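Q: Quick note on the UniProt record's numbering: the sequence shown kicks off at 1 and runs consecutively.
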Amino acid sequence: MINQANTAFVLISTILVFFMTPGLAFFYGGLVSKKNVVNTMFSVFVISGLAILLFVSVGYVICFGKDVSGIFGWGHSFFLSRYELTKMYSKSLGIDNGTYLVFQMMFSIITPALFVGAVVGRMRFNFLILFVSLWSIFVYYPMVHMVWSPNGLLGKIGMLDFAGGTVVHINAGITALVLSIFLGPRIKYNIENSEHYNLPWVLLGTSILWIGWYGFNVGSALGIDKVAIQAFLTTTVSTGASLIAWMILDLKFHSKPSLVGICTGALCGLVGITPAAAYVSTLGAIIIGVLCSIVSFIFVEKIKPKLKYDDPLDAFGCHGISGILGSILTGVFANKAINSNISESGLL
């Protein structure tokens, strides 16, 4: 039987996750130079429509269809033709297939939009559309299956990823790094004239992303219970701790804090806590937020210039680095006393 409260909760979370996409458009649009504003925001938003069509046509089947070797799913529900939307996805939570489908659809939208920041000024729009299509089918959907499907290769061995540290952030971050290296650096003119177009947009975009992240992390509980409350708390404190940590690092190395810096710090905290949100304590969340901010700051400020690759908006430095570290620290701080669904507690 459908639980109306849980269903409403997941649908509201779905709207919040979708709202992250225009938030990301504002964040990236504010960071790029004037020359690339419209193209960047346009690309992020068009990906929404493309991702929706891909997900309902082939994506959901590959993600959650009949298991094939633990790597991808398969079946006869392309374009949802034989998919029973009203069948229960989780009887214990009272969530039906249709509700879970639209929630997962939002993840498939925001994930490819994240690496748009790595191709600013260097990839034609038609090639971006082709790449996102192929990447979704051959990279993103199989990763979802491996981690979140009951028979997935990584899920079966006990991998913990509550809301997408691996599936979303490491996935998009590594893609951003590969694209940055493959496409090569921007021309000198673009690098020297890449002042941020609109800093208030950066703050607006960060705020929208932070709010939307509650749908991302808290909504992954798929119900109104102690798991959702814990995810809300850890998401909040990790983000706050990461923001302050980046500000302190800015003060130490640049003598003053910056708006872009604290916004980046906040995002690092959000990324880092994503895989761990329902598994760690408040203290664990604070430590994750601080460490993700520190490591991402060091990478962006000290290591990236030596590697000489051009990732204009630091998609890898933020999502890749914090996603990797957050996923590792999930295994360190996960606590069975907080979430009994995990098989055992972490190292600490």
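We put the beta carbon where it would ideally sit given N, CA and C, even for glycine.
For clarity, every value in this text was computed on a predicted model and none was experimentally measured.
Taking the C-alpha atoms as reference points, what is the distance between residue 140 and residue 49?
A: Locating residue 140 in the sequence shown gives position 140, where the first residue counts as 1. Locating residue 49 in the sequence shown gives position 49, where the first residue counts as 1. Approximately 16 angstroms, taken between the alpha carbons.
Q: Is residue 309 helix, strand or coil by DSSP?
A: As a position in the sequence shown, residue 309 is number 309, starting the count at 1. The three-state reading of DSSP puts residue 309 in coil, since its state is none of H, G, I, E or B.
Q: Would you mind sorting residue 126 into buried or exposed? The rule is 16 or more other CB atoms within 10 Å of its CB.
A: Looking up residue 126 in the sequence shown gives position 126. It is exposed - the Cβ of residue 126 has fewer than 16 other Cβ atoms within 10 Å.
Q: What number of angstroms, rounded off, separates the C-alpha of residue 192 from the C-alpha of residue 23?
A: Translated into positions along the sequence shown, residue 192 becomes position 192. Translated into positions along the sequence shown, residue 23 becomes position 23. Unreliable positioning characterises residue 192 in this predicted model, as indicated by a pLDDT of 47, which lies under 50. A coordinate reading is not provided.
Q: Can you list, in chain order, the residues of its chain with a C-beta nearer than 7 angstroms to that of residue 183? Leave out the 5 residues immediately preceding and following it.
A: By 1-based counting over the sequence shown, the position of residue 183 is 183. Around residue 183: 119, 122 and 123.
Q: Classify residue 220: buried if its beta carbon has 16 or more other beta carbons within 10 angstroms, exposed otherwise.
A: Position 220 of the sequence shown, counting from 1, holds the residue named residue 220. Residue 220 comes out buried.
Q: Since residue 152 and residue 70 are thought to touch, with beta carbons under 8 angstroms apart, how far apart are those beta carbons, to the nearest angstrom?
A: The residue given as residue 152 occupies position 152 in the sequence shown. The residue given as residue 70 occupies position 70 in the sequence shown. Between residue 152 and residue 70, the beta carbon gap of about 6 angstroms places them in contact (Cβ cut-off 8 angstroms).
Q: Using the rule of at least 16 other Cβ atoms within 10 Å of the residue's Cβ for burial, across every protein chain shown, is residue 314 buried or exposed?
A: By one-based count along the sequence shown, residue 314 stands at place 314. Buried, since its Cβ has 16 or more Cβ neighbours within 10 Å.
Q: Quick check: the Cα distance between residue 5 and residue 224, rounded to an integer number of angstroms?
A: One-based indexing of the sequence shown puts residue 5 at position 5. One-based indexing of the sequence shown puts residue 224 at position 224. Roughly 8 angstroms between the two C-alpha positions.
Q: Within 8 angstroms, do at least three Cβ pairs link the region 301-311 to the region 333-340?
A: no
Q: Kindly indicate the opening and closing residues of the beta strand (DSSP E) around residue 89.
A: Looking up residue 89 in the sequence shown gives position 89. Boundaries of the beta strand (DSSP E) harbouring residue 89: 88-90, taken from the DSSP string.
Q: Identify every run of the alpha helix (DSSP H) within the region 79-146, keeping only runs that are complete inside it and at least 4 residues long; order them along the chain.
A: 97-114 and 125-135
Q: Please determine if the region 264-274 and the region 311-328 are in contact, where contact requires at least 3 C-beta pairs separated by less than 8 angstroms.
A: yes
Q: Short of 7 angstroms in beta carbon distance, which residues of its chain neighbour residue 135, apart from the five on each side in sequence? Order them along the chain.
A: The residue given as residue 135 occupies position 135 in the sequence shown. Correct list, in chain order: 112 and 175.
Q: Beta-carbon within less than 8 angstroms of residue 84's beta-carbon, same chain only, minus the 5 sequence neighbours each way: which residues are those?
A: Taking the sequence shown and counting its residues from 1, one reaches residue 84 at position 84. Taken in chain order, the residues that qualify are 97.
Q: Hey, would you say residue 26 sits closer than 8 angstroms to residue 204, going by beta carbons?
A: Taking the sequence shown and counting its residues from 1, one reaches residue 26 at position 26. Taking the sequence shown and counting its residues from 1, one reaches residue 204 at position 204. Yes, these two residues count as a Cβ contact at 8 angstroms.
Q: Thinking C-beta only, is residue 170 closer than 8 angstroms to residue 19?
A: Here residue 19 refers to the residue found at position 19 of the sequence shown. Here residue 170 refers to the residue found at position 170 of the sequence shown. In this structure, residue 170 does not lie closer than 8 angstroms to residue 19 by Cβ.
Q: Buried or exposed for residue 130, please, with buried defined as at least 16 other CB atoms from any protein chain shown within 10 angstroms of its CB.
A: As a working mapping, residue 130 is identified with position 130 in the sequence shown. Exposed.
Q: Let me know if residue 262 comes out buried or exposed under the rule of 16 or more other beta-carbons within 10 Å of its beta-carbon.
A: For the purposes of this step, residue 262 is taken as residue 262 along the sequence shown, with counting starting at 1. Per the 10 Å Cβ criterion, buried.
Q: Classify residue 73 as helix, strand or coil using the three-state DSSP reduction.
A: As a working mapping, residue 73 is identified with position 73 in the sequence shown. DSSP places residue 73 in strand when its eight states are reduced to three.
Q: Report the rounded CA-to-CA distance for residue 79 versus residue 251, giving the unit in angstroms.
A: Numbered from 1 along the sequence shown, position 79 holds the residue referred to as residue 79. Numbered from 1 along the sequence shown, position 251 holds the residue referred to as residue 251. Whole-angstrom Cα-Cα distance: 53 angstroms.
Q: Check whether the Cβ atoms of residue 137 and residue 61 sit closer than 8 angstroms, and answer yes or no.
A: As a first step, residue 137 must be located in the sequence shown, where it is residue number 137. As a first step, residue 61 must be located in the sequence shown, where it is residue number 61. For residue 137 and residue 61, no; Cβs fall outside 8 angstroms.
Q: With H, G and I counted as helix, E and B as strand and the rest as coil, what does DSSP make of residue 66?
A: For this step, residue 66 is matched to residue 66 along the sequence shown. Reduced to three states, the DSSP call for residue 66 is strand.
Q: Pick from 106, 253 and 245: whose alpha carbon is nearest that of residue 264?
A: Counting from 1 along the sequence shown, the entry for residue 264 is found at position 264. Here the closest residue by C-alpha is 245.
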